[in-house]
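Per full-length UniProt numbering: the sequence shown = residues 1 to 155.
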Amino acid sequence: MLKVKDIMTKDPVTVLPTTEIAHATKLLLEKRINGVPVMDENGALVGILCQSDLISQQKKLPIPSLFTFLDGLIPITSMKHLEKEVQKVTATTVEDIMSPNPTTVDTDTDIETVATLMVEKNFHTLPVTEGGELVGVVGKEDVLRTLMPGTEKSQ
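Have a look at this one:
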């Protein structure tokens with residue numbers, strides 16, 4: 001049975017929380033990758049930034065739905081949700097838009113578990129850790145490649 005260590009990308013590209021959005025976007029496009037782990041200045045994994053995080057910046061801000069009750073306006077959507085959406089749309093650094101505390105997998109995690117996580121949680125890129133240290137990433141393309149024996153990774 002294949003394990004994450006058999007298909008992962010070792011020594012992944014990473015960014016800092018203070019990295020500008022434009023630089024991170026350029027990095028994803030140039031490297032042709034879907035996501036990057038976000039590491040703090042001490043080398044600790046603090047988040048993950050994926051293309052979908054960047055794309056969400058381009059969506060329209062949701063106008064809060066309101067209803068009238070006893071001559072008062074009551075919002076249907078939570079203000080916390082609206083604040084989060086505003087933060088994403090106006091983000092200038094990775095920290096503003098990344099997904100914090102990402103789900104990680106171990107090098108000995110089997111591919112079936114990774115595939116299940118990706119499908120059920122809609123993850124595209126998962127950081128791979130060993131002893132709490134980032135050692136790689138595994139993406140949907142890596143899992144797909146296992147369906148076609150003999151297909152080599154292009155890097």
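Glycine included, every Cβ here is placed at the ideal spot set by N, Cα and C.
Bear in mind that the values here come from a model prediction, so they are computed numbers and not experimental data.
Through-space distance from residue j to residue i, alpha-carbon basis
i, j, result
"ASP11", "ASN122", "24 angstroms"
"ALA22", "LEU54", "10 angstroms"
"ASP110", "GLU20", "35 angstroms"
"GLN155", "VAL135", "A caution first: GLN155 carries a pLDDT of 47, below 50, which makes its placement in the model too unreliable to give a value."
"PHE67", "ASP142", "Note that PHE67 scores 49 on pLDDT, short of 50, meaning its location in the model is unreliable; the coordinates nonetheless yield the value given after this. Taking the straight line joining both Cα atoms gives about 48 angstroms."
"THR116", "LYS31", "26 angstroms"
"THR103", "THR9", "17 angstroms"
"GLU120", "GLU112", "12 angstroms"
"ILE97", "MET148", "34 angstroms"
Cβ-Cβ separation, residue j to residue i (assumed contact under 8 angstroms), whole Å
i, j, result
"ILE33", "ARG145", "Wrong, their Cβ atoms sit about 14 angstroms apart, outside the cutoff."
"HIS124", "SER52", "7 angstroms"
"LEU49", "ALA24", "6 angstroms"
DSSP beta-bridge partners of residue i
i, result
"PRO100", "GLY47"
"LYS10", "GLY136"
"THR125", "GLY139"
C-beta contact flag for residue i and residue j at 8 angstroms
i, j, result
"VAL46", "PRO127", "no"
"THR107", "GLU130", "yes"
"LEU29", "VAL13", "no"
"VAL4", "VAL105", "yes"
"VAL15", "VAL138", "no"
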